[in-house]
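Notes follow once the structure below has been shown.
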Amino acid sequence: MYAHSANSRGEKHCLEHHLQEVAHLAETFANKFQAGPWGYLAGLLHDVGKLNPAFQDYLSRKISKGPDHSSAGAILAIRKKYWEGLVFLVSGHHGGLPSFSDIKQRLQEKLSEPAILEVCKKINQIITLPESLPLPQLNSSLQVEFFLRMLFSTLVDADFLDTENHFNAEKTAIRKKCYDLKELAKLLYQDQHQRYADCEPNLVNQARQEIYQECLKAASCHPGIFRLTVPTGGGKTRSALAFALEHAIRHRKHRVIVALPYTSIIDQTAQVYREILGADNVLEHHSAVAFSDREEDFLQNQWARLAAENWDAPVIVTTTVQLFESLLAHKPSACRKLHNLAQSIIILDEVQTLPTPVLAPILDVLQQLVDRYGVTLVLSTATQPALVNANSPYIKGLRGEIREVVPNPARFFQALKRVTYEWPPEAWSWERIAQEMMGAYQCLAVVNTKSDALTLLDAMEDPEALHLSTCLCMAHRRELIRDIKNRLADGRPCRVVATQVVEAGVDLDFPLVLRALAPLDRIVQAAGRCNREGRLAPADARVIVFRPEKGKLPPGDYRTGTDLAASLLGQRKVDLHDPKVYEAYFRQLYQAVDIDKHKINELRARLNFPEVAARFRLIEEDTVPLVVRWPREGSPVEKILAQLHTGSGANRGEARLLLRRLQPYLVNVRRRVLSDYQQQGLVRELPLGLWEWLGHYHQVRGLGDTTIDPEALVI
């Protein structure tokens, strides 16, 4: 009996061997959360339906379509009176975790099928099943639901890996990389020592080094939930990694996962970590990753592509979208990585950006990861939201002992007090804001929408002014940020109009920042681009929070947060250098919004896995990606599009690689305006759900230089 057809060496995959290998692998993975016997049993049962003679005929190409082979294992679990949760895992190991109602109906129809009954009789010929197993100790429906997800992950990853080993043993060899977290910690220590030996000993660098040392000390604390509260520019990218690596070594954790809110900033963090730890030890995984085509990068790219499938790497840098949409996914490919979260350290950077409409399911999943799956969670930000021990009628916060990585963080906010905030009471016209900018040699203005950015750009009438928003493709934004850094470093004039893309993780240092009234945490993020290195006295580094007369606001929670910020700033005495201000702000915000807008936790309790995955979206916009040709000369887009048009990306794997290579040249627009673009002849449809932009792409305004409302572009 065989599990799979012959490989390139002409060897068929023995079914008994496959079941045993998957069982042992799943057991190993599940042992990380004390569920090894259940992983083993799921592995034994998952493919027993292949004992069906019709399936063997399918492998021998005697029939064109194979019969259902997952229901037999599920029905066998029912007949053996095992825990009913196994039914979900076995039934869904190819198509995805089903809903309770779907699985009940499907198996009811299969219970009396002769072929399945025959498989149940034959099973003892190839494997020995246990008589019983103790039930998992689960105390709520949400614990049951999440345990099923984690156990499902062990099964589908084990199945993928053993099948891959049969068909492509070379990939298995590439996967088997050994890494030593102690060596990585040593590399970070050496880099940190060298970095600060070469730095000028000013107050900012002294504070950064002290924060780093506090992180090393805190690493000895027992695992659980930590808050890393560090002012912007306080060096938390390095300090957080130092805590995580040292904590992993002391408590035998397996990996470090760093989740950031935006793809526009993630490459900067990943690049910092690669430079310190080596590219072989840092996996960058998100929608905008593109792998190099250079021959010398082949092995590194092969490892990265394979590691991205299940996050088997020592340090992973990803987005909160990738992390949480995987945690609440139902398809096998998305769920494979989940078991590798167990016994890891998860750093949520800029944690205040977690979207409030799905905050309730996010907090429940995080709490379970800490309580039941050996995760240490680090909530990292300058503006801590009110997420811990916040059991109010409005929010069920994270529970347990929550420790500050850096004790008494307020002292560093005072030590790193590099700016002076101003908030004029009257509304400002765009001309007034432009006048303020033109009176400065170097300045940054951050507004709330792309249309406001373009309006301000027009009001400035400055041919040298720069514009940074998602009207520009990612490759263009990266190049522009390099240009801005060079202008600032060289002391050249530099006036920039931007949207929120500039606010987190982009290391720019202006003497003057103007910020349109916005949610309080966004104001502080913008202030982090002012006097970042502390070279000016605070009185000379100004952050002006202005209320534009005709400014626009994104809808929903952004508008609510802006109204709350206006109320706080209206009190005139609020100290934005006091970290306690932000907890009070977020407490009010969570009272004003629905933190489970889509009723996801109700669906989870009913074990409706497909509907949970469909409703859980951190980015809710229904968008369409447009491919733009940038730069004008020598753009790689032409070559990639030619490959798409000639069909060289015909198979799914090649097509996916082409799509990743196009990511830096995409601008997302809302679907509702696509027909306007089509009517004007500005777009052409491509494979892979893409559209090609045929109109003008401006070197400053990007797609903002069209007759279409720039608000059609996604913020």
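Under the numbering used here, the sequence shown has 492 at position 460, and the numbering climbs by one with no breaks.
For each residue, glycine too, the CB sits at the ideal point set by N, CA and C.
Enclosing alpha helix (DSSP H) for L315 [first to last residue]: Not the alpha helix (DSSP H): L315 falls in the beta strand (DSSP E), residues 314–317.
Would S324 be called buried (16 or more neighbouring beta carbons within 10 Å of its own) or exposed? For S324, the predicted model reports a pLDDT of 45, less than 50, meaning its position is unreliable and no value from the coordinates is stated.
Given a cut-off of 8 Å, decide if I308 and L220 are closer than it, judged by their beta-carbon atoms. yes
CA-to-CA distance, L398 to D134, given in whole angstroms: Straight-line Cα distance between these residues: approximately 28 Å.
C-beta atoms of T264 and G560 nearer than 8 Å: yes
Using only the alpha-carbon positions, how far apart do D494 and A485 sit? If you take the alpha carbons of D494 and A485, they lie about 14 Å apart.
Can you name, in chain order, every residue of its own chain whose Cβ lies under 7 Å from the Cβ of N234, other than the five neighbours on each side? G566
Whose CA, out of L635, R636, P611, L121, lies closest to the CA of Q446? A check of alpha carbon separations from Q446 across L635, R636, P611, L121 identifies P611 as the nearest.
How big is the Cα-Cα spacing for V176 and R111? 21 Å
Could you tell me the distance, in whole angstroms, from the CA atom of S92 to the CA atom of L512? In a straight line, the C-alpha of S92 is about 58 Å away from that of L512.
May I have the straight-line CA-CA distance separating G734 from T481, to the nearest angstrom? 15 Å
So what's Y453 in DSSP terms, helix, strand or just coil? strand
Contact set for I158: own chain, Cβ-Cβ below 6 Å, skip 5 residues either direction: Cβ within range, chain order: E48.
Local Cβ density within 10 Å of E665, reported as buried at 16 or more and exposed below that: exposed
For F648, does the three-state DSSP call read helix, strand or coil? coil
Which two residues bound the contiguous alpha helix (DSSP H) that contains Y617? 612–624
Here's the rule I'm using: 16 or more other beta-carbon atoms within 10 Å means buried, otherwise exposed. How should C367 be labelled? buried
With N518 and P543 assumed to form a contact (beta carbons below 8 Å), what rounded beta-carbon distance in angstroms separates them? Actually they do not touch by this definition, with Cβ atoms about 17 Å apart.
Cβ pair R547, V478 closer than 8 Å: Going by C-beta atoms, R547 is nearer than 8 Å to V478.
So, A74 versus L139, is the Cβ gap smaller than 8 Å? no
Could you spell out where the beta strand (DSSP E) holding Q378 opens and where it closes? Strictly speaking, residue 378 in this sequence is Ile, with Gln absent from that position. Where I378 is concerned, the enclosing beta strand (DSSP E) stretches over 376–381.
Return the chain-ordered list of same chain residues with a C-beta closer than 6 Å to the C-beta of I576, the five sequence neighbours on each side being excluded. E454, L546
Bridge partner(s) assigned by DSSP for L690: BP columns for L690 are empty, so no partner.
Would you mind reading off the limits of the alpha helix (DSSP H) that contains Y709? That run of the alpha helix (DSSP H) goes 706–711.
Status (buried if at least 16 other CB within 10 Å, exposed otherwise) for Q400: Q400 comes out buried.
So, at 6 Å on beta carbons, what are the nonlocal neighbours of T415 in its own chain, with the 5 sequence-adjacent residues on each side left out? Q384, D553, V556, Y614
Tell me the rounded alpha-carbon separation between L315 and A291. 12 Å
With a threshold of 16 other CB atoms inside 10 Å of the CB of R284, please say whether the residue is buried or exposed. Residue environment for R284: exposed (fewer than 16 other C-beta atoms within 10 angstroms of its C-beta).
Out of curiosity, what's the CA-to-CA distance linking A645 and K631? Taken atom to atom, the span from the alpha-carbon of A645 to that of K631 is near 12 Å.
Since Q384 is in the beta strand (DSSP E), which residue starts that stretch and which ends it? Per DSSP, Q384 is not a residue of any beta strand (DSSP E), being assigned neither H nor E.
Reduced DSSP category for N480 - H, G, I as helix; E, B as strand; rest coil: N480: coil per DSSP, three-state reduction.
Looking at C-alpha atoms only, which residue of E163, S501, A280 is the closest neighbour of Y211? A280
Between the beta-carbon of E386 and the beta-carbon of T413, is there less than 8 Å? Here the sequence assigns Leu to residue 386, which means Glu is not the residue at that position. No, the Cβ-Cβ distance between L386 and T413 is not below 8 Å.
Buried or exposed, going by whether 16 or more other CB atoms sit within 10 Å of the CB of P456? Around the beta-carbon of P456, fewer than 16 other beta-carbon atoms lie within 10 Å, marking it exposed.
In three-state DSSP terms, what is Q66? coil
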